[in-house]
Structure formats: C-alpha cells, structure tokens
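Quick note: the sequence shown, position 55, residue 55 per full-length UniProt numbering, numbers continuous.
Quick reminder that beta carbons are idealized off the backbone N, C-alpha and C, glycines included.
One structure is given here, and the rest of the page talks about it.
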Amino acid sequence: MKMLPQDMSNVIENTDLITSPELEKILETVNKKWNNELHTHNFIIHYKNFRKEFSWEQEVIQYVQEIEMEEKEVYLFLGILDSPIFLVNGNWVIKNFEVLWQSINYEDVWIIAQNFNYGVLVSRYGGYLDHDPNPKEIFYAITKWDDD
Numbered sequence: 001m002k003m004l005p006q007d008m009s010n011v012i013e014n015t016d017l018i019t020s021p022e023l024e025k026i027l028e029t030v031n032k033k034w035n036n037e038l039h040t041h042n043f044i045i046h047y048k049n050f051r052k053e054f055s056w057e058q059e060v061i062q063y064v065q066e067i068e069m070e071e072k073e074v075y076l077f078l079g080i081l082d083s084p085i086f087l088v089n090g091n092w093v094i095k096n097f098e099v100l101w102q103s104i105n106y107e108d109v110w111i112i113a114q115n116f117n118y119g120v121l122v123s124r125y126g127g128y129l130d131h132d133p134n135p136k137e138i139f140y141a142i143t144k145w146d147d148d
C-alpha cells in the first residue's frame, strides 16, 4: 500500500482482505467463466465481443473511467506480487482508477462483482497492436462483461 497516495492507501487498508485459499477460488471462478481460456489466443477468438485492446495507458484510463459501476463492494485484485483481494466500493475503484493503476505501474487490475455477474479485467501484455504500435512493445486488453 506504500505505492498508493495516503488517502487511497487509507481506504484500501480499511477494507476486508481475501487471501489464500479463497483468493485462488475467486480467480479460478473468473477463469472458469471463460472456459479457462483467459489470456490465451483462443480467448481472443471465442470472446472477442468482451475484449478491447489499447496501445496506450491514457486510452485504458479513459475507457475504464466511463464504465458505470454499482455502489456495491466488489473484488479488487491488483496484479502485483502477493496482492490479496480487497473488498472495495466499485464506484470508488472506477473514480480512482487512474491514480490506482499508475501507482502499481500499469500492472493488471481486476474488478469483479462478488456474484461474478459483471467485471472489468485490465491486463498488460508484451507485443504490440499492428494498427497502433507502442514502441515499448506493450499493449493492454480489457475484458468487460455484464450478465444482467
């Protein structure tokens, strides 16, 4: 939490934490939702309507900040070493996404409803998009769903 600004760190430190083995069960449930194809080439083929790809961080930030999220606690998983899952208000995550994501150096961020009926997974990959290559040879994919 030292990577976050103090006000954000205070919010996250005062949330419920989910650690092993429940953490693995939650991540496994998300992967099962996508037939264990998340982060594979098959995912891109089978679930293209749920995925958007971007070359630039600012495009990701703009897209995520336009998402409407319920005023409910959601699972927040940060793709940093030994991160637990935090239970935080979904609107708070969206509103603070830019600073949160920058603070963890644009690593993966998963925002998932506790009943798994909606979610936003922001993932970073090595490579580039042909139509808009990033010279750092990284791109970002957002998997978004809403089963309601």
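- By the C-beta criterion, the region 99-116 is judged to be in contact with the region 19-34, since at least 3 inter-stretch pairs fall below 8 Å.
- In the three-state DSSP reduction, K136 falls in the coil class, being neither helix nor strand.
- With contacts defined by Cβ atoms closer than 8 Å, E37 and I61 do not form a contacting pair.
- Unbroken beta strand (DSSP E) runs of no fewer than 3 residues, entirely contained in the region 6-87, are found at 16-18, 51-54 and 73-78, following chain order.
- With distances taken between CA atoms, Y118 lies nearest to E68 out of A141, E68, I104 and Q102.
- The three-state secondary structure of L4, taken from DSSP, is coil.
- Out of P84, G90, Y140 and W92, the CA that lies nearest to the CA of N105 is found in Y140.
- Nearest neighbour of E107 by Cα position, chosen from P133, L76 and G90, turns out to be L76.
- Rounded to the nearest angstrom, the Cβ distance from V88 to I12 is 7 Å, consistent with a contact under 8 Å.
- In chain order, W34, E37 and T143 place their CB closer than 8 Å to the CB of Y47, counting only its own chain and leaving out the 5 sequence neighbours on each side.
- If you compare the alpha carbons of W145, D130 and G126 with that of K136, the shortest gap goes to G126.
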